[in-house]
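Top to bottom, those sequences are chains S and L.
Quick note on this note's numbering: the first sequence kicks off at 163 and runs consecutively.
Quick note on this note's numbering: the second sequence kicks off at 163 and runs consecutively.
2 protein chains.
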Amino acid sequence: MSTVVIDISISLDGYITADTQTPEQPLGEGGAQLHDWIDDAVGSQLLAEATANLGAVIAGRTTYDSSLPWWGADGPTGSARRPVFVVTHDPPSDPPADGVYTFVTDGIESALDQATAAAGAETVSVMGGASICQQFLAAGLVDAIVIHLAPVLLGGGTPLFENLDGEQIELDLIDVTESASATHLRFRVTS
Amino acid sequence: MSTVVIDISISLDGYITADTQTPEQPLGEGGAQLHDWIDDAVGSQLLAEATANLGAVIAGRTTYDSSLPWWGADGPTGSARRPVFVVTHDPPSDPPADGVYTFVTDGIESALDQATAAAGAETVSVMGGASICQQFLAAGLVDAIVIHLAPVLLGGGTPLFENLDGEQIELDLIDVTESASATHLRFRVTS
């Protein structure tokens with residue numbers, strides 16, 4: 163059975179993007195630093211390890227739309243070409259030819275079924291956006307949360323954890339890794 | 163010159179209390195675990211070190227009111243009896259006799275002046291609530307932020323970082339300490 167992991171970068175004040183998002187700056191004004199860790203030595207090693215164990219990715223439609231110019235047909239894992247299941251009510255008419263994308267119109271549980279089937283024993287990574295992460299948490303479908311905590315207060319943007327409706331979710335810290343650009347925290351979901 | 167530090171416990175989703183606060187449960191329903199770290203081995207050592215360097219404390223009125231039954235006349239540092247400057251528009255009529263408390267009615271900068279004078283070369287700790295922390299951050303008066311990150315999603319409560327009005331504040335991670343009940347993150351404010 164696959165392990166389902168929310169794996170996402172946030173600011174210390176809990177935002178996954180800054181304000182004022184544009185097609186050129188999908189992470190908002192000043193938000194690009196949330197992903198600075200990808201390029202430092204520790205971060206790129208963590209990313210390589212995560213990709214090696216990754217079986218499939220689940221993403222929301224906004225994440226797909228804003229990321230496609232960077233991802234291209236190969237998706238977020240580049241030449242590893244792991245399949246990406248995009249949850250949407252309205253599939254795009256012009257996805258890239260020979261792309262890794264499957265568009266799922268009947269909800270997160272269907273997306274998870276398809277991702278799990280594709281992933282086999284490997285990890286299913288829920289990479290956002292916030293709404294998709296919240297839906298997975300609220301439905302009790304998440305086994306682990308990996309947070310890449312960037313050392314900045316963005317002061318506004320897209321909050322990762324809201325709309326959990328007062329449900330308390332207990333976690334166990336698995337480990338912490340420091341890098342120059344982020345603190346990487348891995349939690350197991352225990353309730 | 164004193165160093166001004168926001169030192170506070172939060173959940174992974176950024177709350178300093180859970181919902182449904184009562185006089186008996188000032189941290190809300192299930193929120194007491196935010197402070198579990200105080201009693202574990204690593205946490206109590208960190209707390210002892212912080213108290214040793216602590217010159218004065220600044221707190222908001224709600225924090226004072228809800229904490230007084232636990233603090234008593236000695237305040238949050240117990241027998242160390244460090245002075246506490248409480249920011250309020252309306253000083254209480256019945257503070258404890260021989261207490262460590264000074265009530266400041268003319269704002270955070272006045273509280274800081276008085277706390278700094280009392281602290282000498284030692285640290286001034288801003289311990290909350292959220293509004294006081296936000297006011298100090300917005301005014302650019304904070305040198306460092308110490309976060310005790312409890313492994314829980316509370317799903318609601320009192321958010322620490324809001325009302326920063328889009329101002330981005332850059333941080334440098336100083337260090338991370340893991341303990342059984344929290345991840346302790348120290349940041350320097352660099353902008």
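Glycine included, every Cβ here is placed at the ideal spot set by N, Cα and C.
Remember, predicted model here, so these are calculated numbers, not experimental data.
| field | Under 7 Å from the C-beta of residue 320 of chain S: neighbouring residues of chain L | value | What you label residue 320 of chain S is simply residue 158 of the first sequence in a count that begins at 1. In chain order: nothing, as chain L lies at least about 13 Å away.
| message | With a threshold of 7 Å between beta carbons, is residue 298 of chain L in contact with chain S? | response | Translated into positions along the second sequence, residue 298 of chain L becomes position 136. So, not an interface residue.
| query | Do the segment 179 to 199 of chain L and the segment 321 to 337 of chain L touch if we need at least three Cβ pairs shorter than 8 Å? | reply | no
| Which residues mark the beginning and the end of the beta strand (DSSP E) in which residue 336 of chain S is found? | For this step, residue 336 of chain S is matched to residue 174 along the first sequence. Here the beta strand (DSSP E) through residue 336 of chain S covers 331 to 340.
| Per DSSP, residue 265 of chain L forms a beta bridge with which residues? | One-based indexing of the second sequence puts residue 265 of chain L at position 103. In DSSP, residue 265 of chain L forms a bridge with L:248.
| Using the beta-carbon count (16 or more within 10 Å), is residue 330 of chain L buried or exposed? | Here residue 330 of chain L is taken as the residue at index 168 of the second sequence, counted from 1. With 16 or more Cβ atoms within 10 Å of its Cβ, residue 330 of chain L is classed as buried.
| query | Any idea what DSSP makes of residue 213 of chain S, helix, strand or coil? | reply | Here residue 213 of chain S refers to the residue found at position 51 when the first sequence is read from its first residue. DSSP places residue 213 of chain S in helix when its eight states are reduced to three.
| query | What number of angstroms, rounded off, separates the C-alpha of residue 319 of chain S from the C-alpha of residue 293 of chain S? | reply | The sequence position of residue 319 of chain S within the first sequence is 157, counting from 1. The sequence position of residue 293 of chain S within the first sequence is 131, counting from 1. Spanning the two alpha carbons is a distance of roughly 14 Å.
| said: Please report the distance separating the alpha-carbon of residue 248 of chain L from that of residue 219 of chain L. | reply: As a working note, residue 248 of chain L is residue 86 in the second sequence. As a working note, residue 219 of chain L is residue 57 in the second sequence. Going from the Cα of residue 248 of chain L to the Cα of residue 219 of chain L covers about 8 Å.
| query | DSSP three-state call for residue 179 of chain S: helix, strand or coil? | reply | Taking the first sequence and counting its residues from 1, one reaches residue 179 of chain S at position 17. Three-state result, residue 179 of chain S: strand.
| Any idea if residue 243 of chain S is buried or exposed, counting beta-carbon neighbours within 10 angstroms, 16 or more meaning buried? | Position 81 of the first sequence, counted from the first residue, corresponds to residue 243 of chain S. Looking at its Cβ environment, which holds fewer than 16 other Cβ atoms inside 10 Å, residue 243 of chain S is exposed.
| query | Between residue 396 of chain L and chain S, is there a C-beta pair that is closer than 7 Å? | reply | Lying before the first or after the last residue shown, residue 396 of chain L is absent from chain L, which here runs from 163 to 353.
| So is residue 303 of chain S in contact with chain L if we call contact Cβ pairs under 7 Å? | By 1-based counting over the first sequence, the position of residue 303 of chain S is 141. No, residue 303 of chain S lies away from the interface with chain L (no Cβ there is under 7 Å from its Cβ).
| request: Quick one: residues in its chain with C-beta nearer than 7 Å to the C-beta of residue 191 of chain S, no 5 flanking neighbours on either side, listed in chain order? | output: As a first step, residue 191 of chain S is located in the first sequence; it is residue number 29 there, counting from the start. Cβ neighbours of residue 191 of chain S beyond the five flanking positions: 180, 181 and 182.
| request: Would you verify that the beta carbon of residue 198 of chain L is, or is not, closer than 7 Å to some beta carbon of chain S? | output: If you number the second sequence from 1, residue 198 of chain L lands on position 36. By this cut-off, residue 198 of chain L is not an interface position.
| Name the chain L residues whose beta carbon is nearer than 9 Å to that of residue 345 of chain S? | As a working mapping, residue 345 of chain S is identified with position 183 in the first sequence. Those are 335, 338, 345 and 347, listed as they occur along chain L.
| query | Checking contacts by CB at 7 Å: is residue 313 of chain L closer than that to chain S? | reply | The count along the second sequence starts at 1 and reaches residue 313 of chain L at position 151. Yes, residue 313 of chain L counts as interfacial toward chain S.
| task | Answer yes or no: do residue 277 of chain L and residue 258 of chain L have a C-beta to C-beta separation smaller than 7 Å? | result | Taking the second sequence and counting its residues from 1, the one referred to as residue 277 of chain L is at position 115. Taking the second sequence and counting its residues from 1, the one referred to as residue 258 of chain L is at position 96. No, these two residues do not count as a Cβ contact at 7 Å.
| Option nearest residue 163 of chain S by Cα separation, candidates S:227, S:299 and S:304 | Position 1 of the first sequence, counted from the start, is the residue given in the question as residue 163 of chain S. Among S:227, S:299 and S:304, the Cα nearest to that of residue 163 of chain S is on S:304.
| field | is_contact[residue 265 of chain L, chain S] using C-beta, thresh 7 Å | value | The sequence position of residue 265 of chain L within the second sequence is 103, counting from 1. No, because no Cβ of chain S sits closer than 7 Å to the Cβ of residue 265 of chain L.
| task | Could you tell me which chain C residues have their CB closer than 9 Å to the CB of residue 327 of chain L, listed as they occur along the chain? | result | The question asks about chain C, but that chain is absent: this structure's protein chains are S and L.
| request: For residue 208 of chain L, return the contacting residues in chain S, with the cut-off set at a CB-CB distance below 9 Å. | output: The sequence position of residue 208 of chain L within the second sequence is 46, counting from 1. Going along chain S, no residue has its Cβ under 9 Å from residue 208 of chain L, so there is no contact; the nearest lies around 15 Å.
| Checking contacts by CB at 7 Å: is residue 323 of chain S closer than that to chain L? | As a first step, residue 323 of chain S is located in the first sequence; it is residue number 161 there, counting from the start. Output row for residue 323 of chain S: interface = yes.
| said: With H, G and I counted as helix, E and B as strand and the rest as coil, what does DSSP make of residue 188 of chain L? | reply: Taking the second sequence and counting its residues from 1, the one referred to as residue 188 of chain L is at position 26. Reduced to three states, the DSSP call for residue 188 of chain L is coil.
| Going by alpha carbons, who is nearest to residue 187 of chain L out of L:225, L:168 and L:206? | As a position in the second sequence, residue 187 of chain L is number 25, starting the count at 1. The shortest C-alpha separation from residue 187 of chain L is found at L:225.
| query | Near residue 262 of chain L, what residues of its chain come up, given a Cβ to Cβ distance below 6 Å and the 5 sequence neighbours on each side ignored? | reply | Within the second sequence, residue 262 of chain L is the residue found at index 100, counting from 1. Cβ neighbours of residue 262 of chain L beyond the five flanking positions: 237, 243, 245 and 246.
| When the Cα atoms are used, what is the spatial distance from residue 296 of chain L to residue 325 of chain L? | Numbered from its first residue, the second sequence carries residue 296 of chain L at position 134. Numbered from its first residue, the second sequence carries residue 325 of chain L at position 163. Approximately 7 Å, taken between the alpha carbons.
| said: Can you find the residues in the same chain that come closer than 6 Å, C-beta to C-beta, to residue 310 of chain L, ignoring five residues on each side of it along the sequence? | reply: To locate residue 310 of chain L, count along the second sequence from 1; it is residue 148. Closer than 6 Å at Cβ, skipping near neighbours: 171, 199, 344 and 346.
| query | Hey, out of S:322, S:251, S:333 and S:348, whose CA is closest to residue 173 of chain S's CA? | reply | The residue you call residue 173 of chain S lines up with position 11 of the first sequence. Among S:322, S:251, S:333 and S:348, the Cα nearest to that of residue 173 of chain S belongs to S:322.
| request: Just the C-alpha distance for residue 178 of chain L and residue 189 of chain L, rounded to the nearest angstrom, thanks. | output: Residue mapping note: residue 178 of chain L aligns to position 16 of the second sequence, counting from 1. Residue mapping note: residue 189 of chain L aligns to position 27 of the second sequence, counting from 1. Near 8 Å, if we compare the C-alpha coordinates of residue 189 of chain L and residue 178 of chain L.
| query | Since residue 240 of chain L meets chain S, which of its residues come closer than 7 Å, beta carbon to beta carbon? | reply | Counting from 1 along the second sequence, the entry for residue 240 of chain L is found at position 78. The premise fails here: residue 240 of chain L is roughly 28 Å from chain S at the closest Cβ pair, so nothing lies under 7 Å.
| query | In whole angstroms, what is the alpha-carbon distance linking residue 204 of chain L and residue 214 of chain L? | reply | Within the second sequence, the letter at position 42 stands for residue 204 of chain L. Within the second sequence, the letter at position 52 stands for residue 214 of chain L. Going from the Cα of residue 204 of chain L to the Cα of residue 214 of chain L covers about 16 Å.
| request: Give the DSSP-derived three-state secondary structure of residue 103 of chain L in the structure shown. | output: Residue 103 of chain L is absent from the structure shown; chain L starts at 163 and stops at 353.
| request: With a 10 Å radius around its C-beta and 16 neighbouring C-beta atoms as the bar for buried, classify residue 328 of chain L as buried or exposed. | output: Counting from 1 along the second sequence, the entry for residue 328 of chain L is found at position 166. Classification of residue 328 of chain L: exposed, given that the 10 Å Cβ count is below 16.
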